[in-house]
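Accompanying notes for the structure given below.
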Amino acid sequence: MGGEKKREANRRKAAGGSDGLGNLHLKGENFYRDRAKVQRLKMLNGGKPIRNPDGKIIKAAAFQSSDAPAVARVEPNRKWFGNTRVITQESLETFRSEMSAKLNDPYQVLLKHAKLPLSLVTDAKAPGEGTVMGAGHMLETESFAHTFGAKAQRKRPKIAQASLEELMTTVDQVQEKYAVASDGQLLSNRITDYVDEARDWVFNAGQSKRIWNELYKVIDSSDVVIHVLDARDPMGTRCKNVEKYLNKEAKHKHLVFLLNKVDLVPTWVTARWVKLLSKEYPTLAFHASINNSFGKGSLIQLLRQFAKLHSDKKQISVGFIGYPNTGKSSIINTLKKKKVCNVAPIPGETKVWQYITLMRRIYLIDCPGVVHPSAEDTDADIVLKGVVRVENVKAPEQYIPDVLTRVRHEYITKTYNVERWADHEEFLSLLAQQSGRLLKGGEPDLSTVAKMVLNDWLRGKIPYFTAPPDSEAFAAQMAAAEARAAAAEAAQIVDGPAGQQGDDAASRKRKARKAIGVEQTFSKIPVLTDFLPLDMVDTDPSILQDGNAGGAMDVSGGDFTDFAEGGDAASGETKEMAAAAEQPDWDEVFQSVVGEETVSSLGGETSQVAGKKRKARGADSAAGNDEEGQEQDEEQEEEEEEGDGDAGGEDDDSGVASADDDDDETNPRAKKAKRMTTNKKKVGTHYYEKANVKNRNRNKSRPVDPKRKTKELQSMGKSKSR
Numbered sequence: 001m002g003g004e005k006k007r008e009a010n011r012r013k014a015a016g017g018s019d020g021l022g023n024l025h026l027k028g029e030n031f032y033r034d035r036a037k038v039q040r041l042k043m044l045n046g047g048k049p050i051r052n053p054d055g056k057i058i059k060a061a062a063f064q065s066s067d068a069p070a071v072a073r074v075e076p077n078r079k080w081f082g083n084t085r086v087i088t089q090e091s092l093e094t095f096r097s098e099m100s101a102k103l104n105d106p107y108q109v110l111l112k113h114a115k116l117p118l119s120l121v122t123d124a125k126a127p128g129e130g131t132v133m134g135a136g137h138m139l140e141t142e143s144f145a146h147t148f149g150a151k152a153q154r155k156r157p158k159i160a161q162a163s164l165e166e167l168m169t170t171v172d173q174v175q176e177k178y179a180v181a182s183d184g185q186l187l188s189n190r191i192t193d194y195v196d197e198a199r200d201w202v203f204n205a206g207q208s209k210r211i212w213n214e215l216y217k218v219i220d221s222s223d224v225v226i227h228v229l230d231a232r233d234p235m236g237t238r239c240k241n242v243e244k245y246l247n248k249e250a251k252h253k254h255l256v257f258l259l260n261k262v263d264l265v266p267t268w269v270t271a272r273w274v275k276l277l278s279k280e281y282p283t284l285a286f287h288a289s290i291n292n293s294f295g296k297g298s299l300i301q302l303l304r305q306f307a308k309l310h311s312d313k314k315q316i317s318v319g320f321i322g323y324p325n326t327g328k329s330s331i332i333n334t335l336k337k338k339k340v341c342n343v344a345p346i347p348g349e350t351k352v353w354q355y356i357t358l359m360r361r362i363y364l365i366d367c368p369g370v371v372h373p374s375a376e377d378t379d380a381d382i383v384l385k386g387v388v389r390v391e392n393v394k395a396p397e398q399y400i401p402d403v404l405t406r407v408r409h410e411y412i413t414k415t416y417n418v419e420r421w422a423d424h425e426e427f428l429s430l431l432a433q434q435s436g437r438l439l440k441g442g443e444p445d446l447s448t449v450a451k452m453v454l455n456d457w458l459r460g461k462i463p464y465f466t467a468p469p470d471s472e473a474f475a476a477q478m479a480a481a482e483a484r485a486a487a488a489e490a491a492q493i494v495d496g497p498a499g500q501q502g503d504d505a506a507s508r509k510r511k512a513r514k515a516i517g518v519e520q521t522f523s524k525i526p527v528l529t530d531f532l533p534l535d536m537v538d539t540d541p542s543i544l545q546d547g548n549a550g551g552a553m554d555v556s557g558g559d560f561t562d563f564a565e566g567g568d569a570a571s572g573e574t575k576e577m578a579a580a581a582e583q584p585d586w587d588e589v590f591q592s593v594v595g596e597e598t599v600s601s602l603g604g605e606t607s608q609v610a611g612k613k614r615k616a617r618g619a620d621s622a623a624g625n626d627e628e629g630q631e632q633d634e635e636q637e638e639e640e641e642e643g644d645g646d647a648g649g650e651d652d653d654s655g656v657a658s659a660d661d662d663d664d665e666t667n668p669r670a671k672k673a674k675r676m677t678t679n680k681k682k683v684g685t686h687y688y689e690k691a692n693v694k695n696r697n698r699n700k701s702r703p704v705d706p707k708r709k710t711k712e713l714q715s716m717g718k719s720k721s722r
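Under the UniProt record's numbering, the first residue of the sequence shown carries the number 1, and numbering increases by one thereafter.
In structure tokens, the structure reads:
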């Protein structure tokens, strides 16, 4: 009986000290003492300290008082009573100036935040003007009532002007910027004799709440944001609102400009726009095409640099944003070298965001086109930007005058074979008669022809581009640069070895920068549009060779300075990051494409020899297309899994410096080695690939050999004769 009770007690103890009915056992409760007795003994024995055999208290009783400890003495040392950090005003001003330069430099990346109160020395200027390190937030403006009135909450007021001279300067600036037409408080601007016509609903395309929600999803999910611009009108397709949002709310995200459709503008226009836009953000030129692209290798190289920069992350996401019909989905298809996103030459094809895996560590995000509403844009500007679908536009002929104004007369004549016209209606009438777009009675269908012209405008069939600002000044600057280069060459001849050493140092520095930064050769852009010689301005060849336009692509190279520490040398972690950001030797990566044909710089047409080679290669590989497709799929899977090979490395116009850059500088007409060709035809045939073994007719009689049948008949005749 006692053994059963003991086993039951052990079972309850193993189960957690409970009898299964929710009653917990107290410490000391057993077979001889129940719960009430344990509590009574605890009450009698409680409130007393526990002593050792010597009588000293080893555990004080509850609520027992103890003697107060001795008063502590602070060591008379300066580290306890003096200032921990002391800085002079000159050093602080130097720090502010250096910090301002670093913060506003788009090619500097902050790797480590120091424990400095930077918010006390950061002062934001007007929106869009960057960040300066100034007097901080000590001169913020507050209302008069909250400062001096009955609702005053501060004893020391904050004012925007510290002196009367600053107040006068501010008043003068406000008066200079004042415009009567934009003042909505004036009675003359409120009362008019007319009512503005309501804008059609089609002009609000790309501005819905759903589209903007998709945009913010992409921005929040992206580590790198690529703003896709149209090379024909970069400033018109630029969304300043998104740039301000990223600069204010998400400074840790990298913003990159991608100038798409560079095949529709002259090469010097691309070089000039890249030079201008690179002053604000890293800028790359790109031509989206699965088979004949430009800038693909440069973009992948830049994304790999960002991936190495964020080595602490498992992968990075790259979001593509921009206006509708700028080619965001086409760029993703070019990088993947296959169709993964639906594309169309009309705006609004992409409805929702889409995740695409480029490599193991790089993900791409496609975003619908977003339009930032602007009061300065007219209906014609919105239509010609490609925001609205042409079939939804009412009275499309009213936008043809803007097309005729922006495009040269020679291009219109060459495209439509119409030489003379007085106004846009006569032009549309002549074009309708030429194309056969006539209504009953022989009247021209102006609406249909106008839609044809607008579609040709949006699809790049009409040559057009926006000239970069200060184009004439740019040409003068290039002429001055050539003059300086000639003078330097003359000085080199006079100086002799000393000048040669200086040039060697400059060349070494240039090569070191090329080894780190992303380079683009604009002379390899396949320009498909035929422009007049007047528009094909001959610029400095160095700019066409060097796409950086002054070192613009040193995004993640040796400039990883830990500028939060005061601009000193980088720490060990920074040096490791900078070393990891250096790219491999691209000469080895692109060895397999040394002998491929290149597209001519301006005409966009390959040579006849290249065409013959391509035809011969196509004829040789006609029988082995399946094997080639399997090999390409296997190569692409290896690139995605390992991330070692460049996904865009096999394109001729990828924009990355080729393996023969140094040789081309010395001998520009150096011949490339012939590409090794292999015969991929199948040798012999296999019986089971052609014969239908599975569904054969088993009842079909077996064919008999005629010779064997003849012998059998002869033997039968002999036997009968016997």
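Beta carbons are placed, not taken as given, at the ideal position from N, Cα and C, and that holds for glycine.
Please read these numbers as outputs of a predicted model, since none were measured by experiment.
How many angstroms separate the CA atom of K27 from the CA atom of Y363? 60 Å
Which residue marks the beginning of the beta strand (DSSP E) containing I321, and which one marks its end? I316 to G322
Per DSSP, the bridge partner or partners of N247: For N247, which the question treats as bridged, DSSP gives no partner whatsoever.
State the Cα-Cα distance for the pair Q64 and M43, rounded to the nearest angstrom. In this structure, the CA atom of Q64 is about 16 Å from the CA atom of M43.
What do you reckon, are the CB atoms on T326 and D230 nearer than 8 Å? It is a contact, given that the beta carbons lie within the stated cut-off.
Is it right to say S278 is buried, meaning 16 or more other beta carbons lie within 10 angstroms of its own, or is it exposed? buried
Cβ distance (whole Å) where A285 is taken to contact F531 below 8 Å: Not quite, the Cβ-Cβ distance comes to about 17 Å (not below 8 Å), so this is no contact.
Grouping DSSP H, G and I as helix and E and B as strand, with all else coil, what is K59? Strand at K59.
Just reading off the beta strand (DSSP E) that N260 is part of, what are its end residues? H254 to N260
Just grab the DSSP bridge partners of T283 for me. F257
What span of residues does the beta strand (DSSP E) with I331 cover, start to end? Premise fails: I331 lies in the alpha helix (DSSP H), K328 to K336, not in any beta strand (DSSP E).
Element boundaries [alpha helix (DSSP H), containing I400]: From DSSP, the alpha helix (DSSP H) with I400 extends over I400 to R406.
Are the beta-carbon atoms of L246 and V225 separated by less than 8 Å? One thing to note: L246 has its Cβ within 8 Å of the Cβ of V225.
Report yes if the C-beta distance between C367 and E214 is below 8 Å; otherwise report no. Contact flag set, yes.
Cut-off 7 Å between Cβ atoms - residues of its own chain near A307, not counting five sequence neighbours on either side: I316, R361 and I362
In whole angstroms, give me the CA-to-CA distance for H25 and D34. 9 Å
Nearest-angstrom Cα distance between V453 and V343? Between the alpha carbons of V453 and V343 lies a gap of roughly 21 Å.
Just how far apart, CA to CA, sit K575 and L299? Low confidence applies to K575: its pLDDT is 42, below 50, so where it sits in the model is not reliable enough to give any reading.
Taking a contact to mean a Cβ-Cβ separation below 8 Å, would you say H287 touches I525 in this structure? yes
Hey, R232 and Y464: beta-carbon distance below 8 Å or not? Contact check for R232 against Y464 passes: the beta carbons are separated by less than 8 Å.
What is the rounded straight-line gap between the Cα of K314 and the Cα of M359? Answer to the nearest angstrom: the Cα atoms are 12 Å apart.
Report the CB separation of P345 from R459 in whole angstroms; it is logged as a contact under 8 Å. 5 Å
Give me the Cβ distance between V390 and N455, rounded to the nearest whole Å; I'm assuming they're in contact under 8 Å. The distance from the Cβ of V390 to that of N455 is about 6 Å, consistent with a contact at the 8 Å cut-off.
Taking C-alpha atoms, which residue in G46, E349, L335 and D470 lies nearest to Q301? Of the listed residues, the one whose Cα sits closest to Q301 is L335.
Answer yes or no: do L384 and W268 have a C-beta to C-beta separation smaller than 8 Å? no
Quick one, which of L103, L428, V370 and L111 has its alpha-carbon nearest G206's? The closest CA to that of G206, considering only L103, L428, V370 and L111, is found on V370.
Quick one, which of D105, R85, E90 and P106 has its alpha-carbon nearest residue 725's? The question about residue 725 has no answer, for the chain in this structure spans 1 to 722.
Can you give the Cα-Cα distance for F257 and V74, rounded to whole angstroms? 60 Å
Residues near T448 in its chain [Cβ-Cβ closer than 6 Å; skip 5 each side]: R437
Is P444 helix, strand or coil when you go by DSSP? P444 carries a strand assignment under DSSP once its states are collapsed to helix, strand and coil.
In angstroms, rounded to a whole number, what distance separates the CA positions of F95 and Q161? 24 Å
Same chain, Cβ closer than 8 Å to V388, five either side skipped, listed in chain order: Residues V202, F203, A205, P347 and I382 of the same chain have their beta carbon placed closer than 8 Å to that of V388, with the five preceding and five following residues left out of the count.
DSSP three-state assignment for T192, whether helix, strand or coil: coil
Let me make sure I understand the geometry here. Which of D312, K337 and N333 has the alpha-carbon closest to that of K112? D312
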